[in-house]
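Remarks on the structure that follows.
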Amino acid sequence: MGRAQYASHCPRSWDSLLCWPPTKPGHTATMACFPELNGIKYDTTLNATRRCLLNGTWDNYTDYTSCKDLSPDQPDLEPGIEVTTMIYSAGYALSLIALVLAVSIFLYFKDLRCLRNTIHTNLMCTYIMADFMWILNITVQMSMPTNVPACVILVVLLHYFYLTNFFWMFVEGLYLYMLVVETFSSKNIKLRAYVCIGWGVPCAVIIIWTIVRSLMPPTSDNMGLSGIVLKSCPWMATHNIDWIYQGPAAVILFVNVIFLVMIMWVLITKLRSANTVETQQYRKAAKALLVLIPLLGITYILVIYVPSHGVTANPLAYCRAILLSTQGFTVALFYCFLNSEVQHTLSSHFERWKEARQIGGETLC
């Protein structure tokens with residue numbers, strides 16, 4: 011009798027989200043969507059469905075595709091977030107194009123291979139990876155449903171490449187400091203040590219952060235993120251333990267400011283001792299300062315605080331987005347495209363190519 015009763019209905023079943031009532035074989039049960047999941051509220055006027063098979067057992071698949079969250083309709087999203095995201099996307103895309111071209115130039119031409127340019131190349135690679143991961147994160151989170159494993163991987167990689175960017179800025183500052191200030195010891199640090207600092211230390215920091223983050227409860231603080239992104243990727247939200255990687259980045263910025271002050275002090279002292287006009291001295295010092303600011307990451311300090319409310323909130327957020335997203339482009343511009351050594355190398359190779367082509371044409375004639 012128990013077997014006949016079991017065959018006549020699919021029994022009451024809990025699928026971890028909803029409790030499905032007994033249903034006749036061959037019928038589809040319909041229930042209102044769950045009201046909340048992972049802190050996100052859902053529209054309970056919509057329905058989920060589950061099929062009762064002919065043999066009196068439930069289909070393993072429950073159709074929740076009709077269940078929609080209410081976060082896109084919430085009115086408390088940060089004003090101007092769409093415009094800011096568009097600015098970041100355009101700036102990062104511009105930086106990616108310039109950086110890929112710059113790195114290709116440094117890698118292709120053997121005349122440009124030296125320790126200084128190798129450090130520049132590594133810094134540009136961190137910009138490339140960080141910019142690419144940002145664009146990939148936003149694209150995936152806006153177009154895909156919730157996928158926590160993919161979210162974790164993308165966010166961890168994003169934070170890793172962001173941190174490597176700061177550490178290679180530190181390497182740039184350390185190299186310049188050793189070259190300009192501590193000239194007697196500028197060759198004591200080898201490329202291998204710079205690589206360990208730039209790529210290895212951030213890896214250890216992010217591993218620690220990932221382990222601690224995975225053990226912490228989720229947070230509902232979106233810090234300017236849209237509800238869609240936060241819903242599909244909770245790890246994109248800020249957390250109190252983010253100081254694990256933010257702390258080293260802040261220390262690096264502080265140290266690079268010290269490097270910048272000491273380098274500029276030595277540079278200005280040398281300019282004053284040279285027989286040049288005072289106006290030219292100031293011009294050279296200003297030019298050096300302008301070039302060093304993006305290289306050492308001082309731009310981050312200039313926009314470290316942007317108010318979230320008030321009349322100036324959106325304009326300052328836009329300025330911050332422009333400065334940060336185009337920083338990779340600025341580095342590629344100053345240290346590759348406007349570099350006299352690079353320009354001379356490109357010019358000489360172009361002249362050789364023209365001569366070889368002319369000789370080849372004359373031979374054919």
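Each residue of the sequence shown is one higher than the one before, starting from 11 at the first, in the numbering used here.
Even for Gly, the Cβ is constructed at its ideal location relative to N, Cα and C.
Just so you know, these numbers come straight off a predicted model, no measurement behind them.
* Asked: Quick one: what's got a C-beta closer than 6 angstroms to I145's C-beta in the same chain, skipping five residues either side?
  -> Contacts found: Y102.
- Out of curiosity, what's the CA-to-CA distance linking A108 and T340? Distance between the alpha carbons of A108 and T340 is about 9 angstroms.
*Output the boundary residues of the alpha helix (DSSP H) element that contains M274.*
253-283 is the span of the alpha helix (DSSP H), which, as asked, contains M274.
Practice prompt. Note down, one range per segment and in chain order, each beta strand (DSSP E) of at least 3 residues found wholly within the segment 120-147.
Written response: With a minimum length of 3 residues, no continuous beta strand (DSSP E) run stays inside the segment 120-147.
| request: Could you check the C-alpha separation between W245 and L189 for me, to the nearest Å? | output: Spanning the two alpha carbons is a distance of roughly 41 angstroms.
- Item | Sequence-distant residues of the same chain with beta carbon closer than 7 angstroms to A58, five excluded per side | Hits under 7 angstroms: L28, M41, C43, T72, D73, Y74, S76, C77.
query = With a Cβ-Cβ cutoff of 8 angstroms, do I251 and W219 count as a contact?
reply = Their beta carbons are under 8 angstroms apart, which means I251 touches W219 by this criterion.
Report task. Identify which residue in A260, L167, P35 has its Cα closest to the Cα of M139. Result -> Comparing Cα-Cα distances from M139 to each of A260, L167, P35, the minimum goes to L167.
Q: Can you tell me the Cβ-Cβ gap for L106 and D141, rounded? I've got them flagged as a contact below 8 angstroms.
A: Rounded, the Cβ-Cβ distance is 5 angstroms, consistent with contact.
Taking buried to mean at least 16 other C-beta atoms within 10 Å of its own C-beta, is Q337 buried or exposed?
Its Cβ being crowded by 16 or more others within 10 Å, Q337 is buried.
Exposed or buried, T33, counting other C-beta atoms within 10 Å across all chains shown (16 or more means buried)?
Around the CB of T33, 16 or more other CB atoms lie within 10 Å, so the residue is classed as buried.
Determine whether the beta carbon atoms of Y187 and F269 lie at a separation below 8 angstroms. Here Y187 is near F269, since their CB atoms are less than 8 angstroms apart.
Where does I314 sit, in a helix, a strand or coil, going by DSSP? Residue state for I314 is assigned as coil, using DSSP reduced to three classes.
Open item on the list: Here's a check: name, in chain order, each residue in its chain whose Cβ is nearer than 6 angstroms to the Cβ of L104, leaving out the five neighbours to either side.
Closed with: Excluding residues within five positions, the ones whose Cβ falls inside 6 angstroms are F339.
### Query
What residues in its chain sit with their C-beta under 6 angstroms from that of M11, if we drop five residues either side in the sequence?
Because the pLDDT of M11 is 39, which lies under 50, any placement of that residue in the model is unreliable, and the question is left without a value.
**Asked** Which word fits G66, buried or exposed, when buried means at least 16 other C-beta atoms lie within 10 angstroms of its C-beta?
**Response** G66 should be labelled buried.
So the beta strand (DSSP E) C213 belongs to, where does it begin and stop?
Following the DSSP letters along the chain, one finds C213 in no beta strand (DSSP E) but inside the alpha helix (DSSP H) bounded by residues 211-225.
Practice prompt. Throw me the rounded Cβ distance for the F116 and L122 pair, which I believe falls under 8 angstroms.
Written response: Sure, about 5 angstroms apart at Cβ, within 8 angstroms.
- request: Taking only the alpha-carbon atoms, compute the straight-line gap between A39 and N48 and give it to the nearest angstrom.
  value: Taking the CA atoms as reference points, A39 sits about 24 angstroms from N48.
So V215 and I273 are supposed to be a Cβ contact under 8 angstroms. How far apart are they, rounded? Not quite, the Cβ-Cβ distance comes to about 26 angstroms (not below 8 angstroms), so this is no contact.
message = Using only CA atoms, which one of A366, Y315, V301, A323 lies nearest to F347?
response = The closest CA to that of F347, considering only A366, Y315, V301, A323, is found on V301.
- According to DSSP, what are the bridge partners of E46? Beta-bridge pairing links E46 to K51.
Here's the rule I'm using: 16 or more other beta-carbon atoms within 10 Å means buried, otherwise exposed. How should I221 be labelled?
Under the 10 Å beta carbon count, I221 is surrounded by fewer than 16 other beta carbons and is classified as exposed.
If you reduce the DSSP assignment to three classes, tell me which class L27 lands in. Reduced to three states, the DSSP call for L27 is coil.
* When the Cα of T95 is compared with those of T355, Y328, Q368, V162, which residue comes out closest? -> With distances taken between Cα atoms, T95 lies closest to Y328.
Determine which residues share a DSSP beta bridge with T59 and list them. The partner list for T59 (beta bridge, DSSP) reads T40, D73.
Can you look up T33 in the DSSP assignment and give me helix, strand or coil?
Residue state, collapsed to three classes: strand.
I'd like the list of long-range same chain contacts for N132, defined as Cβ closer than 7 angstroms, with 5 residues on each side in sequence excluded.
Within the same chain, N132 has close Cβ partners W178, G208.
TODO: Measure the alpha-carbon distance for E361 versus Y118 and round it to whole angstroms.
DONE: Straight-line Cα distance between these residues: approximately 17 angstroms.
TODO: Measuring alpha carbon to alpha carbon, tell me which of P45, D69, T54 ends up nearest L23.
DONE: A quick correction: the sequence has Ser, not Leu, at residue 23. Considering only alpha carbons, the answer is D69.
Based on Cα-Cα distance, which residue from G183, W275, A331 lies nearest to Y98?
It is A331.
Problem set entry | V393, buried or exposed, once every other Cβ within 10 Å from all chains shown has been counted against 16 | Since the displayed the chain opens at 11 and closes at 375, residue 393 lies outside it and no answer follows.
| request: Using a threshold of 8 angstroms, state whether the C-beta atoms of R61 and W30 are closer than that. | output: Against a cut-off of 8 angstroms, the Cβ pair of W30 and R61 comes out as no contact.
| Paired residues, beta bridge with C20 - DSSP | Beta-bridge pairing links C20 to T33.
inquiry  = Given this structure, state the Cα-to-Cα distance separating P227 from W275, to the nearest angstrom.
reply    = Taking the straight line from one Cα to the other gives about 48 angstroms.
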